[in-house]
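Below is one structure, written out as structure tokens, with a few remarks after it.
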Amino acid sequence: MQCHFASFLRFLHSNVDPFFHQPQIDIEFFAKMGSIFSVARASNTNSDKSEWDGVSPNEICKRQRMSLTVDEENPRLFPNLPDEVSIQIIARVPRICYFNVRLVSRKWKSTIMSSELYKIRKELGTTEEWLYMLVKVGENKLFWHAVDPRSRIWQRLPTMPNVVDEEESRKGSSSGLWMWNMVEGMRIAEVIRGFFGQKDAFDEMPFCGCAIGAVGGCLYVLGGFSKASTMRCVWRFDPTQNTWSEVTSMSTGRAYCKTGILNNKLYVVGGVSQGSAGLLPLQSAEVFDPSTGTWSDVPSMPFSRAQVLPNAFLADMLKPIATGLTSYMGRLCVPQSLYSWPFFVDVGGEIYDPETNSWIEMPIGMGEGWPARQAGTKLSVVVDGELYAFDPSNTMDSGRIKVYDQGEDAWKVVIGKVPIYGSDDSESPYLLAGFHGKLHVITKDANHNISVLQAELRNNLNSSPSSSSSTLSQSSLHESVDPPVETDAVVWKIIASRCLGQVELVSCQVIDM
Numbered sequence: 001m002q003c004h005f006a007s008f009l010r011f012l013h014s015n016v017d018p019f020f021h022q023p024q025i026d027i028e029f030f031a032k033m034g035s036i037f038s039v040a041r042a043s044n045t046n047s048d049k050s051e052w053d054g055v056s057p058n059e060i061c062k063r064q065r066m067s068l069t070v071d072e073e074n075p076r077l078f079p080n081l082p083d084e085v086s087i088q089i090i091a092r093v094p095r096i097c098y099f100n101v102r103l104v105s106r107k108w109k110s111t112i113m114s115s116e117l118y119k120i121r122k123e124l125g126t127t128e129e130w131l132y133m134l135v136k137v138g139e140n141k142l143f144w145h146a147v148d149p150r151s152r153i154w155q156r157l158p159t160m161p162n163v164v165d166e167e168e169s170r171k172g173s174s175s176g177l178w179m180w181n182m183v184e185g186m187r188i189a190e191v192i193r194g195f196f197g198q199k200d201a202f203d204e205m206p207f208c209g210c211a212i213g214a215v216g217g218c219l220y221v222l223g224g225f226s227k228a229s230t231m232r233c234v235w236r237f238d239p240t241q242n243t244w245s246e247v248t249s250m251s252t253g254r255a256y257c258k259t260g261i262l263n264n265k266l267y268v269v270g271g272v273s274q275g276s277a278g279l280l281p282l283q284s285a286e287v288f289d290p291s292t293g294t295w296s297d298v299p300s301m302p303f304s305r306a307q308v309l310p311n312a313f314l315a316d317m318l319k320p321i322a323t324g325l326t327s328y329m330g331r332l333c334v335p336q337s338l339y340s341w342p343f344f345v346d347v348g349g350e351i352y353d354p355e356t357n358s359w360i361e362m363p364i365g366m367g368e369g370w371p372a373r374q375a376g377t378k379l380s381v382v383v384d385g386e387l388y389a390f391d392p393s394n395t396m397d398s399g400r401i402k403v404y405d406q407g408e409d410a411w412k413v414v415i416g417k418v419p420i421y422g423s424d425d426s427e428s429p430y431l432l433a434g435f436h437g438k439l440h441v442i443t444k445d446a447n448h449n450i451s452v453l454q455a456e457l458r459n460n461l462n463s464s465p466s467s468s469s470s471t472l473s474q475s476s477l478h479e480s481v482d483p484p485v486e487t488d489a490v491v492w493k494i495i496a497s498r499c500l501g502q503v504e505l506v507s508c509q510v511i512d513m
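The sequence shown begins at 1 in full-length UniProt numbering and counts up by one.
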């Protein structure tokens with residue numbers, strides 16, 4: 001069996017472009033593999049060996065397709081091989097190949113879409129991390145794209161359903177537009193257009209202000225606006241089925257809430273909700289268990305800093321809001337701000353401990369030093385247990401990466417120059433992600449190219465980098481970026497890039513399956 005599996009790997013290697021790492025595996029390839037295993041099985045059992053003597057695999061494949069030896073009602077994945085063995089083979093094939101593999105037959109399609117295959121991949125350690133990006137096109141369209149970092153192939157996901165519950169989509173009050181712009185920090189021109197009665201984005205774009213999460217191998221899109229009302233609905237995308245489906249709704253309609261994962265559960269905190277006087281900030285939180293499909297309440301955030309304002313005027317004017325959320329050290333870290341448009345004041349944050357089911361105040365250095373970007377939001381990610389955050393500069397074409405030192409309760413610069421491309425018309429010109437054990441920055445340039453940049457420490461680089469990876473120094477990524485200073489022991493690799501036209505980055509998630 002070992003030698004035949006080696007033949008499989010040789011076929012796999014010969015059907016992958018070595019320079020671009022793009023699999024060219026097609027249906028004919030797997031038909032050939034079926035014939036190889038079939039011949040191997042036949043030779044082991046000494047049955048009809050002479051029939052195949054001197055016949056090439058291509059000819060064998062043609063003969064078998066013309067024969068009626070396969071049980072049409074219950075065909076095997078590979079003829080004359082137990083399906084238990086075949087699925088072990090398929091689990092070792094790169095996931096990017098599954099889009100074509102499922103076209104072999106109905107049996108192959110059901111196998112590729114089965115949960116059993118992905119359980120085996122996890123057991124074998126052959127899971128792959130893919131990056132999923134949500135982008136906004138124009139004023140009212142949202143699209144998802146999946147990126148396989150190893151093959152550098154991009155796949156567009158099916159469009160999110162344009163379905164909203166009538167009860168949730170009632171027209172909200174006009175004050176909602178003003179409050180929404182305060183929360184998100186939209187451009188002032190949009191506020192002015194709203195005051196002059198032009199159609200706002202709420203009327204046309206479902207899921208505007210939605211939150212994004214990924215747990216259990218699925219993407220989740222939660223809440224958002226529809227016709228100026230906040231929604232409770234939750235939609236899930238299952239990559240194995242390549243479909244969207246609606247799951248149990250949240251208990252509260254939310255927009256611009258924050259999400260995090262703990263113990264394979266999806267937590268949702270804060271955001272804003274529609275009230276009689278407009279949009280109101282939320283302190284509540286809840287958690288979704290994908291194994292049961294149910295939501296449970298979580299204690300509300302105390303916002304303790306907001307309770308100690310010096311007078312009633314400030315307490316009424318400054319509204320507390322969660323500006324970020326990161327799962328770190330087995331707890332949820334929620335940085336917070338007080339705002340009164342257009343002013344945002346960082347007031348530290350709070351940490352939720354699932355063991356005690358309670359909130360505690362965030363360490364002073366962690367909360368007050370947490371880097372903030374536009375509208376006070378915090379952009380952070382955990383990679384190999386380290387908490388990183390992006391600290392933007394005064395210009396739109398650079399920034400720094402800081403790491404939190406838990407022992408000293410301080411944020412320290414770990415990368416002094418990040419090659420963020422300038423984009424004056426974008427509200428979110430960059431995103432952070434962690435996969436393959438490394439930090440990644442997603443950004444786009446003036447030519448509408450979206451690039452996924454991987455931070456590689458110089459002391460971890462191989463002496464002879466692979467010719468298949470685009471390794472660029474910081475100065476070569478963008479002409480206006482200065483060469484790295486001596487403390488910047490990092491090289492940036494472009495591991496994926498594609499022009500998606502005039503789009504804006506919204507959010508990203510990583511799924512390992």
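Every residue gets a Cβ at the ideal spot worked out from N, C-alpha and C, and that includes glycine.
Apart from the five residues just before and just after residue i, which ones in its own chain have a Cβ nearer than 7 Å to its Cβ?
| i | result |
| --- | --- |
| K412 | K402, V403, D405 |
| S470 | Any answer about S470 is weak, because its pLDDT of 36 lies below 50 and its placement is not dependable; what the coordinates show is given next. The residues are K493, I494. |
| F207 | L142, M160, V221, G224 |
| T377 | T323, G324 |
| E368 | D346, G348 |
| D83 | R76, L77 |
Buried or exposed: residue i, going by 16 or more other Cβ atoms within 10 Å of its Cβ?
| i | result |
| --- | --- |
| F435 | buried |
| residue 533 | Outside the modelled stretch of the chain, which goes from 1 to 513, sits residue 533, for which no answer is possible. |
| F371 | The displayed chain sequence assigns Pro, not Phe, to residue 371. P371 is buried by the Cβ-count criterion. |
| M366 | buried |
| A446 | exposed |
| L325 | buried |
| S337 | buried |
| M250 | buried |
| S296 | exposed |
| M160 | buried |
| S380 | buried |
| S276 | exposed |
| R106 | exposed |
| M329 | exposed |
| T294 | exposed |
| N264 | exposed |
| G253 | buried |
Identify every residue that forms a DSSP beta bridge with residue i.
| i | result |
| --- | --- |
| H440 | A433, Q454 |
| residue 515 | With the chain covering only 1 through 513, there is no way to say anything about residue 515. |
| S497 | S451 |
| S229 | S226 |
| V506 | Answer by DSSP bridge pairing: none, since V506 is not bridged. |
| T292 | Answer is none; T292 lacks a bridge partner. |
| W144 | L134 |
| A389 | S380, K402 |
| K412 | V403 |
Nearest to residue i by alpha carbon, out of the options?
| i | options | result |
| --- | --- | --- |
| S304 | A91, E361, E139 | E361 |
| L266 | S291, P281, S276, E246 | S291 |
| I511 | L131, I90, E116, W108 | L131 |
| E286 | I420, T248, K417 | T248 |
| K109 | E116, V101, S115 | V101 |
| residue 523 | A455, F344, G348, S337 | Outside the displayed range of the chain (1 to 513) lies residue 523, so it cannot be described from this structure. |
| A489 | S86, G416, I120, E129 | G416 |
| S229 | L81, A255, K378, A214 | A255 |
| L505 | A433, M231, L457 | A433 |
Confirm, please, whether the CB-CB distance from residue j to residue i is below 8 Å.
| i | j | result |
| --- | --- | --- |
| G217 | Y98 | no |
| Y430 | V441 | yes |
| G385 | P392 | no |
| P302 | N357 | no |
| R236 | S245 | yes |
| P281 | P335 | no |
| T259 | V268 | yes |
| N242 | P149 | no |
| I212 | S451 | no |
| V503 | V135 | yes |
| L219 | Q509 | yes |
| M513 | R152 | no |
Can you confirm whether residue i, when its beta carbon is compared against all beta carbons of chain C, has any partner nearer than 8 Å?
| i | result |
| --- | --- |
| T443 | Considering every chain present, this structure includes no chain C. It has just one protein chain. |
Who are the Cβ neighbours of residue i in its own chain at under 6 Å, not counting the five residues just before and after it?
| i | result |
| --- | --- |
| R333 | The sequence given here has Cys at residue 333, not Arg. Correct list, in chain order: T326, I351. |
| V147 | L131, W154, A496 |
| S86 | L77, F78 |
| R156 | H145 |
| G270 | C257, K258, L282, A322 |
| G209 | G224, F225, A255, Y256 |
Might you give, ordered along the chain, the residues of its own chain that have their beta carbon closer than 8 Å to the beta carbon of residue i, omitting 5 neighbours on each side?
| i | result |
| --- | --- |
| S115 | T240 |
| R331 | L262, I351, Y352, D353, P354 |
| A214 | Y132, Y220, I261, Q509, V510, I511 |
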